[in-house]
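**Q** I have a structure I would like to understand better, so I am pasting it below and will then ask my questions one at a time.
Chains as they are written, first to last, in the working numbering: chain A, 122 to 273; chain B, 122 to 273; chain C, 122 to 273; chain D, 122 to 273; chain E, 122 to 273; chain F, 122 to 273; chain G, 122 to 273; chain H, 122 to 273.
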């Protein structure tokens, strides 16, 4: 389940959704703010059958940590860029010992989805194969790009 | 009500408690972690008759914001120093529009209590008078210190 | 009373003014610079009957602290963004023990007004009710936004 | 598999090992530096049957990213504190789109192990139960600490 | 005139005083806090016949700026180190256009005094000569140190 | 004498020149890079009869410090903004004990000129009077701005 | 050999290429990502006869360090700017003792090429002469720029 | 030639000297401050037959850049840690286009020497072989350390 702290985080979420679509991973998407709708976050998390949560949030990004406080499923946090950037990064990264969140880079919705897919791929050969193909395409693109610039 | 994210924040809390004792302000103190005991935070806040909350927390300090999500009472946040410092500062400061927290400086439990007392003093002449005395003593100390160093 | 350090901080002030208008909170607005017009800051603060001061300033933002040095009323500081951002944030946040300022996030005029309203609402049921409605609308917006993106 | 960039990261690794011992999770531990022994990192990762990698490193902490470049298994990165701290944090966090690493907080070996355990617990009821007990003990400790300070 | 924001800044002030003693520059020293004793700062500055002000302060170091708001004499600001350091640095450095402060480095009381002496030396040949001797001694020390390490 | 590290710093220099023109302070302006033309910097400084040097530079802004190494006249440093900002700020601010530079804020050419004028005004009544008028106009502008926004 | 972490770093590479063209230094250019194509990086480095490697990369810029892990030739790293900047800077700069990388400034492809040319010039008089001419032109440009602004 | 900005940088220089001794690289060591002894820096550099310069300095570390302004030989800069750290790092790293310095990590005298040795090894087979042995020992140490911790 992908949870956004605000509608304005949608651009980052779309990167994650594109990756899931490509890898054939099912997902659900919701907006729920740790600060504006705390009960809703709790209900979404507690009622969910999702195996993994991806939380996307900016500013004082409490969302990933609050989700992690309600579940023992893996929570992946994506800091969203703004005027400071380090506010979202450290709010998500510096969880206290005992309640883990796995953080990916600033605005990196793509890696959040890939990391989730890697987790699922431990027990799912189909996703594992798709991930291999995905990484192969990346490598091919690097080589193609390299040829293009060398021949100029 | 003073809420600490962890027992290790006690040193900062004691600065606030000393100020309240001096000003004759009643307070209650509890430990409740936004990440380890989310239900407890909610219950403490929802059941409380406190006029003001002081939340003291370090690292990814979600506590003040989570308290603010459950109440319309003023929430004062105190970032606690650690290896990074800016993690706690920005987690507390950069709340999203709509859910305010008033942040004081790093480890500055004293100012959290004084700020709370100033809020209460709007309608409480006794606390107002005590605050005046407190500030007077500060001024006198500056002048005394100044004399001491000038005469050396 | 809202005090701006400079006319260029008006955009942040307008966020605070909109919230006050919505909540039915009376306010006065002035420009007074701690550095360019120190006497004016003092006179405004000393002569004022305001219950709360909101100080909005950027760069080396001494304004909230200077106001706090002249009054025992609660002072809320709003750092205004610029080339560095952390200059205004830390100038406002890191007050010495004894003279408190409650800081809200960068450019967050909205939260300054909401925080002030929360303080007034302790003793004013009408503002308290307006705050409840305000927060309810925020929650409804989150749910409506969530529905909109889910149905796409 | 836990991989340390250097023997000096052992203190952080021990936090992870304690958690694994407590939760009954099997693990292997090795030292392999992305910069001093690149072939060794590759061989360890390629030959391993591990379901998850935990990489612990400081300074320009390339280790988690280099491991992630050789495997599609989830890689959890732990930045180790030093003179700058932000060097290790951002080296681990800011992976390019396509090759994910899930970062935990500075020196937070404990959360790396818990995050790994949460991943395994998706399909392993025994670890899931142990995690529940672990979190329960944390909650009980918060409540016990709170009673202790309130009664003083 | 040297003004300290607090007695705890004395160590930095002593570096300035040693330099003035060495150069034969007369000075007066006072403690006056911009936040705790604003009237005192104003009175000290307005009543003073000093040609230059050196303001030494930490945290949200408003002191140099507040002094500059009351005088057209040159104000030299010395940020004092603490838990963050950048709070004092940027509070002193980032003055708004129109009210200048000349900042020296963190805890660098020595350079504040030398800078003041350079200003006075424009019209005072005796101080100018003492400054030349001071710099000569520094150069000689570098050469002596260099010989010492080369011969080891 | 105003010295720019590069032609691209001209915009900041123009702010200083406008202030000098307004205050009737004579100045000379040159470009000389500490890194690209070290001999030229030395020659300009050694041959100059200027009472004060203003050095404007960005990136690793060695210019103010290098000028200060060749003269005992006051050197005012102006950091110029770029991709990092803190590179220029700290290169100028953190001079070693013994060789002072007085730093003004980022891009703040105006304050560099005003600070220089304040130094000259110690012995020059005409500049002193012009400075008074300058500050008076600033105050009047604040009051006029305040009236304008209050009446809206 | 110039190696880019990604096609998007091409703009910085072009600055290096222009300098090499000007100085008559032969070079080869390739794209190879430490994270997406680790084998390719290794093969390029191990098979290369290049005397010096220039690695240009952004984000968690492991490329220079990974190249350095495969060769004893000098590796020059160029951090590429992005949303944070300090991620690339510290990933490249903070190499562990034993595996050196020489870092140049943010986006400073020009200096990477000049630094490489200086290394080659130790044994190559032709490049040495071209470097002298290059630096001479820079000096002339500074003087010409200075004349232009002085005469305005 | 190794040049230190101050005697206090000796600890970092010793790391470089140990590496040179181990690799059989001849070196000379001097103290010369860019700010306190500019003429001495120039003379040392201009008169030197050294193939490479290593400059070690803290604070506003102008030394590497100033050396680079006087020579076309490669200059390696080593930032020395202090209260801020980023002052020395960015003063050394952010050289303007045209005058390169190759920076190594904070206090990393060892890597400065290794980088210099790599440059010399391009044309010197003996140093090249010593470097290979050095790196081999590092690898062996990693493996030995790994065995030690695994067997515990």
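Idealized CB from N, CA, C, for every residue including glycine.
Computed from a predicted structure; not experimentally measured.
1) Just mark residue 258 (chain H) as buried or exposed, buried being the case when its beta carbon has 16 or more other beta carbons within 10 Å.
2) Please classify residue 206 (chain B): does DSSP put it in a helix, a strand, or coil?
3) Excluding the five sequence neighbours on either side, which residues of its own chain have a C-beta within less than 6 Å of the C-beta of residue 150 (chain G), listed in chain order?
4) Are the beta-carbon atoms of residue 252 (chain D) and residue 193 (chain A) separated by less than 7 Å?
5) Counting only the same chain and skipping the five closest in sequence on each side, list residues whose C-beta sits under 6 Å from that of residue 163 (chain B).
6) For residue 248 (chain F), which residues of its own chain have a beta-carbon under 8 Å away from its beta-carbon, when the five flanking residues on both sides are left out?
7) Residue 212 (chain C) and residue 183 (chain C) look like a contact to me (Cβ under 8 Å); what is the Cβ gap, rounded to whole Å?
8) Quick check: the segment 126 to 142 of chain C against the segment 164 to 171 of chain E, are at least 3 beta-carbon pairs closer than 8 Å?
9) Distance check for residue 127 (chain A) and residue 148 (chain A), CA to CA, integer angstroms please.
10) I'd like to know whether the C-beta of residue 129 (chain E) is nearer than 7 Å to at least one C-beta of chain B.
11) Taking the alpha helix (DSSP H) that residue 196 (chain D) belongs to, which residues open and close that run?
12) Check the C-beta distance from residue 187 (chain F) over to residue 187 (chain H) and give it rounded, since I have them as a contact under 8 Å.
13) Is residue 213 (chain F) helix, strand or coil when you go by DSSP?
14) Residue 219 (chain B) to residue 153 (chain E), Cα distance in whole Å?
15) Along the segment 133 to 146 of chain G, what residues have a CB closer than 9 Å to any CB found in chain F?
16) So what does residue 165 (chain D) bridge to, in DSSP terms?
17) Are the CB atoms of residue 231 (chain B) and residue 181 (chain A) within a distance shorter than 7 Å?
18) Assuming contact is defined by CB atoms lying nearer than 7 Å, are residue 197 (chain F) and residue 236 (chain F) in contact in what I supplied?
19) Buried or exposed: which applies to residue 261 (chain A), given that a residue is buried once 16 or more other Cβ atoms fall within 10 Å of its Cβ?
20) Between residue 125 (chain G) and residue 207 (chain G), is the Cβ-Cβ spacing less than 7 Å?
21) Opposite residue 151 (chain B) in the DSSP bridges: which residues?
22) At a CB-CB cut-off below 8 Å, which residues of chain D make contact with residue 196 (chain H)?
23) Can you list, in chain order, the residues of its chain with a C-beta nearer than 7 Å to that of residue 205 (chain G)? Leave out the 5 residues immediately preceding and following it.
24) Name the two residues that bound the continuous alpha helix (DSSP H) containing residue 134 (chain D).
25) One question on the structure: do residue 156 (chain E) and residue 217 (chain C) come within less than 7 Å of each other, judged by their Cβ atoms?
26) Is the CB of residue 152 (chain H) under 7 Å away from at least one CB in chain E?
27) Would residue 149 (chain A) count as contacting chain D if we go by Cβ distances under 7 Å?
28) By the 10 Å Cβ neighbour count, where 16 or more other Cβ atoms means buried, how is residue 142 (chain G) classified, buried or exposed?
29) With the cut-off set at 7 Å, would you say residue 226 (chain C) and residue 203 (chain C) are in Cβ contact?
30) Quick one: which unbroken alpha helix (DSSP H) runs of 4-plus residues sit fully inside the segment 217 to 266 of chain F? Chain order, please.
31) Three-state secondary structure (DSSP) at residue 173 (chain B)?
32) Using a Cβ cut-off of 8 Å, which residues of the segment 216 to 249 of chain F contact any Cβ in chain C, in chain order?
33) Anyone know if the C-beta pair for residue 166 (chain F) and residue 158 (chain C) falls short of 7 Å?
34) Take the Cβ of residue 273 (chain B) as the centre, count every other Cβ of all protein chains shown within 10 Å, and call the residue buried at 16 or more, exposed below.
35) Can you list the residues of chain H that residue 271 (chain E) reaches, using a CB-CB cut of under 9 Å?
**A** Taking the structure as given:
1) Note on residue 258 (chain H): under 16 other CB atoms within 10 angstroms of its CB, so exposed under the neighbour-count rule.
2) The DSSP-derived three-state label of residue 206 (chain B) is coil.
3) Around residue 150 (chain G): 123.
4) Between residue 252 (chain D) and residue 193 (chain A), the C-beta spacing is below 7 Å.
5) For residue 163 (chain B), where only same-chain residues beyond five positions count, the Cβ hits under 6 Å are 191.
6) Answer for residue 248 (chain F): 144, 145, 146, 238, 241 and 242, listed in chain order.
7) Indeed they touch by this definition, with Cβ atoms about 6 Å apart.
8) Segments in contact, no.
9) Our two residues, residue 148 (chain A) and residue 127 (chain A), have alpha carbons roughly 18 Å apart in a direct line.
10) Judged by the 7 Å Cβ criterion, residue 129 (chain E) is not in contact with chain B.
11) Going by DSSP, residue 196 (chain D) is part of no alpha helix (DSSP H) but of the beta strand (DSSP E) stretching over 196 to 200.
12) Confirmed, about 7 Å.
13) The answer is helix: DSSP assigns residue 213 (chain F) an H, G or I state.
14) Roughly 39 Å between the two C-alpha positions.
15) Against chain F - using a Cβ distance shorter than 9 Å - the segment 133 to 146 of chain G contributes no residues.
16) Per DSSP, none; premise fails for residue 165 (chain D).
17) In this structure, the beta-carbon distance from residue 181 (chain A) to residue 231 (chain B) does not fall below 7 Å.
18) In contact: residue 197 (chain F) and residue 236 (chain F) (Cβ atoms closer than 7 Å).
19) Exposed, since its Cβ has fewer than 16 Cβ neighbours within 10 Å.
20) Not in contact: residue 125 (chain G) and residue 207 (chain G) (Cβ atoms no closer than 7 Å).
21) Note: residue 151 (chain B) sits in a beta bridge opposite B:124.
22) Going along chain D, no residue has its Cβ under 8 Å from residue 196 (chain H), so there is no contact; the nearest lies around 21 Å.
23) Excluding sequence neighbours, residue 205 (chain G) sits near nothing in its chain.
24) Segment 131 to 144, the alpha helix (DSSP H) holding residue 134 (chain D).
25) A contact, by the Cβ cut-off of 7 Å.
26) Closer than 7 Å: yes.
27) Judged by the 7 Å Cβ criterion, residue 149 (chain A) is not in contact with chain D.
28) Burial call: exposed.
29) No, they are not a contact pair.
30) Counting whole runs of 4 or more residues, the segment 217 to 266 of chain F contains the alpha helix (DSSP H) stretches 230 to 242.
31) Coil at residue 173 (chain B), not helix or strand.
32) Within the segment 216 to 249 of chain F, the residues whose Cβ lies closer than 8 Å to any Cβ of chain C are, in chain order, 226, 227 and 228.
33) Between residue 166 (chain F) and residue 158 (chain C), the C-beta spacing is not below 7 Å.
34) Note on residue 273 (chain B): under 16 other CB atoms within 10 angstroms of its CB, so exposed under the neighbour-count rule.
35) 149, 150, 151 and 152, listed in chain order.
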